[in-house]
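Report on the structure given below.
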Amino acid sequence: MKLSRVRVLLIGAAGRMGKTIVDLAKDDPKIDVAARCDLGDSIESAMQNCDVVIDFSQADAIAEIRRVALEHSKPLVIGTTGQSKEQCRIIEETAQSLPIVFASNFSIGVNVLFWLTRKAAEQLGVDFDAEIVERHHKMKKDAPSGTAKTLAEVLKAAKTTQADIPIQSIREGDVVGEHTVIFNGPAERLELTHRAASREIFARGALRAAKWIIGKPPGLYSMQDVLGL
62 MKLSRVRVLL IGAAGRMGKT IVDLAKDDPK IDVAARCDLG DSIESAMQNC DVVIDFSQAD
122 AIAEIRRVAL EHSKPLVIGT TGQSKEQCRI IEETAQSLPI VFASNFSIGV NVLFWLTRKA
182 AEQLGVDFDA EIVERHHKMK KDAPSGTAKT LAEVLKAAKT TQADIPIQSI REGDVVGEHT
242 VIFNGPAERL ELTHRAASRE IFARGALRAA KWIIGKPPGL YSMQDVLGL
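Counting in our numbering, the final residue of the sequence shown is number 290, and the numbers go up one at a time with none missing.
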């Protein structure tokens, strides 16, 4: 059954992304940020009165989020990055019981970049070497970014190689986010670039995912699933 207004529990509400989501949700007639939690807050009571959880907190919060979400059968939209292998395993196991959208980047443009990167790698073949350059603001903790890691995974899968894709991470100023995939071939070079001008693009995608995930069967979904790519 489709809900007329999706009640969201926002975890990480005091962070940059959390604040942006709160601001955008005010103008979305289908979204109600019913509860907000941050580091140290109990999410037990807040989880009971929501339809979906959006998490933009810290990677090490996933164990508690998973416990309470399973107890109350709430779908998750996870935008936090920098997870360890064990934390990723927790998310994958949880997706066997709950629907989860887990994305390194919720921007529509970036997810088209993932698609274009795969197509380019398939068409250019082994004669072209690939590398990634990513820039973010100096406060960003993880490097490489989750988006850069996803791009590297896309390239490795498309090129059917186990070799690591070179990633250059730059942290400077207040750059919201910039990712470039570079293909170097014989006498030619192809570059695919996405530049984020505002965090609103990620917040809009997360809210779109929160509305989409309602009623979906258990599984681990990507933003490309949300967009139908």
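Here a beta-carbon is modelled for each residue, glycine too, at the ideal position from N, C-alpha and C.
These figures come from a predicted structure and were not determined experimentally.
Cβ-based neighbour list, residue i, same chain, cut-off 7 angstroms, excluding 5 preceding and 5 following
{"i": "residue 81", "result": "260, 261 and 264"}
{"i": "residue 226", "result": "191, 192, 193, 213, 216 and 217"}
{"i": "residue 77", "result": "260"}
{"i": "residue 133", "result": "108 and 109"}
{"i": "residue 79", "result": "71, 73 and 117"}
{"i": "residue 89", "result": "268"}
CA nearest to the CA of residue i, picked from the options
{"i": "residue 255", "options": "177, 241, 141 and 211", "result": "241"}
{"i": "residue 86", "options": "279, 269, 290 and 278", "result": "269"}
{"i": "residue 164", "options": "197, 65, 157 and 210", "result": "210"}
{"i": "residue 290", "options": "132, 200, 177 and 89", "result": "177"}
{"i": "residue 230", "options": "252, 207, 251 and 250", "result": "207"}
{"i": "residue 117", "options": "89, 147 and 83", "result": "83"}
{"i": "residue 258", "options": "286, 285, 90 and 196", "result": "196"}
{"i": "residue 201", "options": "185, 179, 173 and 234", "result": "234"}
{"i": "residue 249", "options": "185, 228 and 79", "result": "185"}
{"i": "residue 102", "options": "73, 286 and 95", "result": "73"}
{"i": "residue 285", "options": "166, 148 and 147", "result": "166"}
Which residues DSSP lists as bridging residue i, in chain order
{"i": "residue 238", "result": "257"}
{"i": "residue 230", "result": "195"}
{"i": "residue 93", "result": "68"}
{"i": "residue 172", "result": "According to DSSP, residue 172 bridges with nothing at all."}
{"i": "residue 250", "result": "245"}
Beta-carbon proximity list for residue i, same chain, < 6 angstroms, skipping 5 on both sides
{"i": "residue 125", "result": "none"}
{"i": "residue 137", "result": "114, 130 and 161"}
{"i": "residue 35", "result": "With the chain covering only 62 through 290, there is no way to say anything about residue 35."}
{"i": "residue 283", "result": "164"}
8 angstroms Cβ cutoff met for residue i and residue j
{"i": "residue 99", "j": "residue 75", "result": "yes"}
{"i": "residue 143", "j": "residue 203", "result": "yes"}
{"i": "residue 212", "j": "residue 175", "result": "yes"}
{"i": "residue 288", "j": "residue 169", "result": "yes"}
{"i": "residue 104", "j": "residue 123", "result": "no"}
{"i": "residue 120", "j": "residue 145", "result": "yes"}
{"i": "residue 198", "j": "residue 237", "result": "yes"}
{"i": "residue 158", "j": "residue 279", "result": "yes"}
{"i": "residue 91", "j": "residue 67", "result": "yes"}
Beta-carbon contacts of residue i that lie in its chain and below 8 angstroms, excluding the five residues immediately before and after
{"i": "residue 62", "result": "Annotation note: pLDDT 44 at residue 62 (below 50); position unreliable, coordinate value reported separately. Here the set comprises 276."}
{"i": "residue 252", "result": "241, 242, 243 and 244"}
Near the ligand SAM: residue i beta-carbon under 7 angstroms from a heavy atom
{"i": "residue 216", "result": "With respect to small molecules bound, the structure shown includes none, and the ligand SAM cannot be examined in it."}
Count Cβ pairs between the region 182-199 and the region 216-224 that sit closer than 8 angstroms; are there 3 or more?
Segments in contact, yes.
Pairing CB atoms from the region 103-111 with CB atoms from the region 267-287, are three or more of them under 8 angstroms?
In short, these stretches do not touch, since the Cβ pair count stays below three.
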